[in-house]
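Position one of the sequence shown corresponds to residue 1054 (our numbering), numbered consecutively onward.
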Amino acid sequence: MNVFITGNSSGLGLGLTEALMERDAIVWGMSRSGCPLKSKHDDVLRDRRQDIANLNTLEEGLDRLLSDCLRLDLVVLNAGILGRIQEISNTDVHDLEHIMRINVWANKIILDWLIERQVPVEQVIAISSGAAVNMNYGWGGYSLSKAALNNLIRLYAPEMPGSHLCAFAPGLVDTGMQDYLCGEVDSEEFPSVQKLKDARGTEDMPSPREAGDQILDLLATLRDDYESGDFVDIRSM
Ligand SMILES: NC(=O)c1ccc[n+]([C@@H]2O[C@H](COP(=O)([O-])OP(=O)(O)OC[C@H]3O[C@@H](n4cnc5c(N)ncnc54)[C@H](OP(=O)(O)O)[C@@H]3O)[C@@H](O)[C@H]2O)c1
């Protein structure tokens, strides 16, 4: 299985990469700090350190990383940032722009690159979030970006007829994002984070590795039971 995944230096992307290594996949990964599994799996794990927020250099980075890749069974558009939990009216538009660059526009460039280079791709999963539809108080930049990501995937689906695309909310996963949400955000000011604090340390917030295995086990269902372009929340499957 050939897989390209963004943001596999930590969190869900790293958990997915571990799960993929165990299933004998070949993985091409891209992140700023690099995948820590690289030295252990040098033969099957290609890694490129790349800031995907820099849209001007992303195509060149893809050319370099994926130069020997003839086809991909799976593309996971996973890299993403949360931004600060705060009122949208207090959020600087440049901070919103930065979130959109990473969570949305970098993914557009990646999909354009795959189309342009005619790399056959069987399945694309863009990691979205329940925040794409909830619009909870304080989640402004993140919610906007994930809602845009869902629609980006819907728009690309008919333009990539040979691939199955979906935007996928993985549920709660115990990653660095949760360190900030559970550790630094005041749940009295932003009540929606209380649910996350309650879930941490329970089966409602699995480890990245567990979540990675869950996603890989659902790949065929996503392809077979959903239309290309759909938004799927794991909690509704
Ligand atoms: N954790 C959850 O409960 C949860 C729930 C729903 C959705 N998600 C989504 O899951 C995805 C992964 O998040 P996570 O929770 O695993 O958080 P995380 O541990 O912070 O991981 C984020 C990943 O994205 C990469 N990344 C961030 N900015 C980047 C940039 N400018 N260029 C290249 N790579 C960049 C990071 O790598 P570097 O820092 O090395 O660049 C890291 O590998 C995100 O799309 C997130 O929105 C998470």
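From the three backbone atoms N, C-alpha and C, an ideal C-beta is built for every residue, glycine too.
beta-carbon residue i near ligand 1 non-hydrogen atom, thresh 6 angstroms
i               : result
leucine 1065    : yes
valine 1080     : no
arginine 1085   : yes
isoleucine 1058 : no
alanine 1220    : no
valine 1157     : no
valine 1226     : yes
serine 1120     : no
aspartate 1270  : no
alanine 1106    : yes
glycine 1265    : no
serine 1240     : no
isoleucine 1180 : yes
alanine 1132    : yes
glycine 1136    : no
glycine 1191    : no
serine 1062     : yes
glycine 1282    : no
proline 1223    : yes
methionine 1230 : yes
DSSP bridge partner residues for residue i (one or two, in chain order)
i              : result
leucine 1313   : The requested residue 1313 is not part of the displayed model; the chain covers only 1054 to 1290.
glutamine 1139 : Trp1192
aspartate 1283 : Cys1219
alanine 1201   : In the DSSP output, where bridge partners are listed per residue, alanine 1201 has none listed.
valine 1059    : Note that residue 1059 is threonine in the sequence shown here, rather than valine. Per DSSP, Met1083.
alanine 1179   : Leu1130 and Ala1220
C-alpha distance - residue i paired with residue j, whole-angstrom precision
i                  : j               : result
asparagine 1189    : aspartate 1121  : 43 angstroms
leucine 1167       : arginine 1117   : 13 angstroms
phenylalanine 1284 : arginine 1137   : 24 angstroms
glutamate 1071     : valine 1177     : 19 angstroms
arginine 1276      : proline 1259    : 23 angstroms
serine 1289        : tyrosine 1279   : 12 angstroms
isoleucine 1206    : aspartate 1096  : 32 angstroms
leucine 1069       : methionine 1213 : 24 angstroms
valine 1186        : isoleucine 1058 : 24 angstroms
glycine 1254       : arginine 1170   : 44 angstroms
asparagine 1156    : arginine 1262   : 22 angstroms
cysteine 1235      : glycine 1133    : 18 angstroms
glycine 1193       : arginine 1124   : 37 angstroms
### Message
I'd like the ranges of any beta strand (DSSP E) spanning at least 3 consecutive residues and lying wholly in the segment 1068-1112.
### Response
1079-1084 and 1098-1102
### Query
Taking only runs of the beta strand (DSSP E) that begin and end inside the segment 1203-1270, which ones reach a length of at least 3 residues, in chain order?
1217-1222
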